[in-house]
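Chains V and U, in that order, give the protein sequences. Per this note's numbering, residue 1 is the first one in the first sequence, and the count goes up by one each step. Per this note's numbering, residue 1001 is the first one in the second sequence, and the count goes up by one each step. Yeah, the Cβ is synthetic: ideal placement off N, Cα and C, and Gly gets one too. Predicted model only: the values in this text are computed from it and were never measured. Worksheet for the structure shown next.
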Amino acid sequence: MRFIDEYHNAELGKRLIDKIHRNSTRQARLMEFCGGHTVAIFKHGIRQLLPPTVEMLSGPGCPVCVTANEDLDKAIALSRLPDVIITTFGDLLRVPGSYSSLQQERAEGNDIRIVYSTLEALDIARANPERPVIFIGIGFETTAPTIAASILQAEQENLKNYYILSLHKLTPPVIKALLDSGETIINGIVCPGHVSAIIGSNPWEFIPAEYNIACAVSGFEPLDILLCISMLIEQTESEQPKVEVAYRRIVRPEGNQQALRLMEKVFEPCPAIWRGIGSLTNSGLKLKEEYQAFDASRVFNVSPEKSREPVGCLCGDILRGVKVPLDCKLFKTACTPEHPVGPCMVSSEGTCSAYYHYRSEDE
Amino acid sequence: MNNKILLAHGSGGKLSHDLVGGKIIPPFTNPIINKMDDASVFEISGRVAFTTDSYVVSPIFFPGGDIGKLAVCGTINDLAMSGASPLYLSLSLIIEEGLSFEDLERIINSIKQVTEETGIKIVTGDTKVVNQGNADKLFINTAGIGLIPPGVNISGSNAIPGDKIILSGAIGDHGIAIMSQREGLRFEMPVESDCAPLDTLVSDMLAFSKHIHCMRDPTRGGLATSLNELATQSGVGINIKEDKIPLHVAVNAACELLGFDPLYVANEGKLVAIVSPTHAEEILNVMKQNRYGKESTIIGEVVEEHSRKVIMKTTLGASRIVDMLTGELLPRIC
Chain V
1 MRFIDEYHNA ELGKRLIDKI HRNSTRQARL MEFCGGHTVA IFKHGIRQLL
51 PPTVEMLSGP GCPVCVTANE DLDKAIALSR LPDVIITTFG DLLRVPGSYS
101 SLQQERAEGN DIRIVYSTLE ALDIARANPE RPVIFIGIGF ETTAPTIAAS
151 ILQAEQENLK NYYILSLHKL TPPVIKALLD SGETIINGIV CPGHVSAIIG
201 SNPWEFIPAE YNIACAVSGF EPLDILLCIS MLIEQTESEQ PKVEVAYRRI
251 VRPEGNQQAL RLMEKVFEPC PAIWRGIGSL TNSGLKLKEE YQAFDASRVF
301 NVSPEKSREP VGCLCGDILR GVKVPLDCKL FKTACTPEHP VGPCMVSSEG
351 TCSAYYHYRS EDE
Chain U
1001 MNNKILLAHG SGGKLSHDLV GGKIIPPFTN PIINKMDDAS VFEISGRVAF
1051 TTDSYVVSPI FFPGGDIGKL AVCGTINDLA MSGASPLYLS LSLIIEEGLS
1101 FEDLERIINS IKQVTEETGI KIVTGDTKVV NQGNADKLFI NTAGIGLIPP
1151 GVNISGSNAI PGDKIILSGA IGDHGIAIMS QREGLRFEMP VESDCAPLDT
1201 LVSDMLAFSK HIHCMRDPTR GGLATSLNEL ATQSGVGINI KEDKIPLHVA
1251 VNAACELLGF DPLYVANEGK LVAIVSPTHA EEILNVMKQN RYGKESTIIG
1301 EVVEEHSRKV IMKTTLGASR IVDMLTGELL PRIC
């Protein structure tokens, strides 16, 4: 099928794998930022096909996973307010906060609904004019424009009961923080695909320029990823890091200007707390002053109990690429997809979940 | 005249009798049900297969079927998977007040079509009406009885290393049909549920060869879950090849769009059979002759290694574990 089958072509895949084997002479540690990439890499068995010189490392690119417990606790506290309807993406429901989860709150009778887009959340707000409808906005630059659009739509329709709890996060600042920490050696970065579709590939230029690290933006099909790895290996071997795009059908250097304008109209950067990483300046998005009537964190006053982290859970270290799921004592024992302790086991893009579901014994 | 079903239609009084006697029983007329006694009475001898299942699919109408067709095919298929020829069914309806007579008649009619196609008889049943909000339009429970022919021994624990694994057609049609209906997705090529009775496919296979060791219809949890069940029950390993698994173009596209792995998406008219290697090709040919098995393919084999695990060779030539479905957030699909 067009746009899918050609990116699964076994013959082309083999050629790229051969090229990587031919070119790779020195040890290269490549971090795939996106959880979506982690899943695709495991699903297609790409790690097994790489030479021993190429090591893949999973990064923090899973919005559900990096959402801090205190933010989850806030969402849970909002769900307990009388008459409130919480709308959210499915994965978030099962993530345990400090004391509860949205799933547990739903079982208690609080009105929490899974939606596939903000359009559905707007529909719910229109159908329930007397009840506050709060959308829990998690995600990176990919989802932020659609949420901005929903706010503008709500404003236009004069919808008075639609609110956003903005937990959005920005990707370049967190990559910068990871590289600054120097905790782990990274020679190349598989840059996020969908995020780059919005922000473009230009924002990654600081990585080769300031850190001398190879960069390539990748799509999510096996050939996209193999092409990206092949580009990164050529860069590391030639010691000429730059930003390349292995996802040209979607990503332009300047990004999607219309989406960026939407985002800038409604949001402005703010500090955000990342699980395992801490608070980073200008790494989150909050609603601008003129849209504060839609801002759930301003309109509703909730004061959840002091948040706490699950004992023994290594999600924070795994998100920074310092540890892998196999280092975690809870992995596959106390922490499973049915009974997740940390978010990386819950989210379909979480590293622990990808290891659990797809990893062969020999990887 | 009110065209909606009222609570009174489930009261046991006159309206109930009118509904059951006027609308529900007549399409299924047969000597056993026509007696209208408290219990149906019939003779049966031999090895009996007996199964029951409840159906709560939402929406109740979807491309390629409805809850009625699903409820009858589902139970017929469960019987067929044990090698039984389906004989008798029970049909219990739990109706939410306010369901239109027109919808009920459409559903009864599609049940009738399946009973005519398969020859299975509905011999007993029940109808209840509950307050609005206490059910979602219509829930159906069916139970079924079938007879297993002599010499047939099919069980999930019968797979042995060397056996071939045959899949009767493309996967994921039912789950994606429901999802796209629910999410209002439109595809250039609309996806229809594969909901179908598989009794003739199974009887064709069994008429040809008794060397069928296991059969399963991969409904909820999809092909991946069925294969894992079989590997676990038989204490064997299973190897499959990604590029051998048939997948319709639109289903593939929808799965990409919605982020699903088709291996975990539900089917309602497919079966997976584990058969002796010496008979595999011939059984495959027989299956391809049946209208419900045209796209049948050998997708893999049973091995001694990696006991209780399913391993898939990916298109790129790597291998990965195919795990059971673990609590996914899907809508009610059956």
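G1169(U) does not reach chain V, its nearest Cβ partner there being about 18 Å away, counting only Cβ pairs nearer than 7 Å. Contact between I1165(U) and I1238(U) holds: CB atoms are separated by about 7 Å, below the 8 Å threshold.
Within the region 1226 to 1241 of chain U, no residue places its CB atom closer than 7 Å to a CB of chain V. Among the residues facing chain U, Q48(V) is included, as its CB has a counterpart in that chain under 8 Å away. Within chain U, the residues whose beta carbon sits less than 9 Å from that of R359(V) are R1320, I1321, listed in sequence order. No residue range can be given for P253(V), since it is assigned to no beta strand (DSSP E) and is classified by DSSP as neither H nor E. Residue ranges of uninterrupted beta strand (DSSP E) with 3 or more members, entirely inside the region 1280 to 1310 of chain U and ordered along the chain, are 1297 to 1303. In the structure shown, the three-state DSSP call for N282(V) is strand. At a cut-off of 8 Å between beta-carbon atoms, P222(V) makes contact with chain U. When CB distances to chain U are screened at a threshold of 7 Å, the residues of the region 318 to 350 of chain V falling below it are P337, E338, S348, in chain order. Minimum Cα-Cα distance from S1209(U) among the listed residues I1176(U), T1127(U), P1149(U) corresponds to P1149(U).
Contact of T1314(U) with chain V is assigned, a C-beta pair being separated by under 8 Å.
Sequence-distant Cβ neighbours of I1299(U) in its own chain, meaning closer than 6 Å and more than five residues away, are I1165, L1167, I1240, K1244, I1245. Residues of chain V with a Cβ closer than 8 Å to the Cβ of E1183(U) are, in chain order, Y116. Taking 9 Å as the Cβ-Cβ cut-off, the region 225 to 245 of chain V approaches chain U at L226, given in chain order. The way I'd put it, the region 31 to 38 of chain V does touch the region 173 to 192 of chain V; three or more beta-carbon pairs between them come closer than 8 Å. Beyond the five residues adjoining it in sequence on each side, E1281(U) comes within less than 6 Å, by CB distance, of no other residue in the same chain. Taking 8 Å as the cut-off, the Cβ atoms of L223(V) and L12(V) count as close. By alpha-carbon distance to E264(V), the top candidate from R308(V), A40(V), A148(V), G36(V) is A148(V).
At least 8 Å separates the beta-carbon of S1092(U) from that of G1144(U). Rounded to whole angstroms, the Cβ separation of G137(V) and L165(V) is 6 Å, and the two are in contact under 8 Å.
The Cβ of T1326(U) sits closer than 8 Å to at least one Cβ of chain V. Excluding five sequence positions before and after V1322(U), the CB atoms of its chain that fall closer than 8 Å to its own CB belong to A1224, L1227, N1228, I1240, L1263, V1310, I1311, M1312, given in chain order. About 19 Å separates the CB atoms of V39(V) and E338(V); that is not less than 8 Å, and the two are not in contact.
The secondary-structure analysis by DSSP pairs G1156(U) with nothing; it has no beta-bridge partner. Listed in chain order, the non-local C-beta contacts of A216(V) below 6 Å within the same chain comprise C228, M231, L232, E244, A246, local neighbours out to five positions each way being set aside. DSSP, reduced to helix, strand and coil, places T1314(U) outside both helices and strands of the structure shown, so it counts as coil.
Taken in chain order, the unbroken stretches of beta strand (DSSP E) that lie wholly in the region 119 to 187 of chain V and span 3 residues or more are 133 to 137, 162 to 166. Closer than 8 Å at the C-beta level to chain U, one finds no residue of the region 117 to 134 of chain V. Taking the beta carbon of F42(V) as reference, the chain U residues within 8 Å of it are R1320, listed in sequence order.
Taking one beta carbon from each stretch, the region 1268 to 1275 of chain U and the region 1204 to 1221 of chain U have 3 or more pairs nearer than 8 Å; the two touch. Under the DSSP assignment, H8(V) falls outside any alpha helix (DSSP H); it carries neither an H nor an E label.
In the three-state reduction of the DSSP assignment, N1109(U) falls in the helix class. Taking 8 Å as the CB threshold, G109(V) stays off the interface with chain U. V1251(U) is positioned such that its CB atom lies closer than 8 Å to that of I1176(U).
Close to chain V, meaning a Cβ-Cβ distance shorter than 8 Å, are the following residues of the region 1259 to 1287 of chain U: G1259, D1261.
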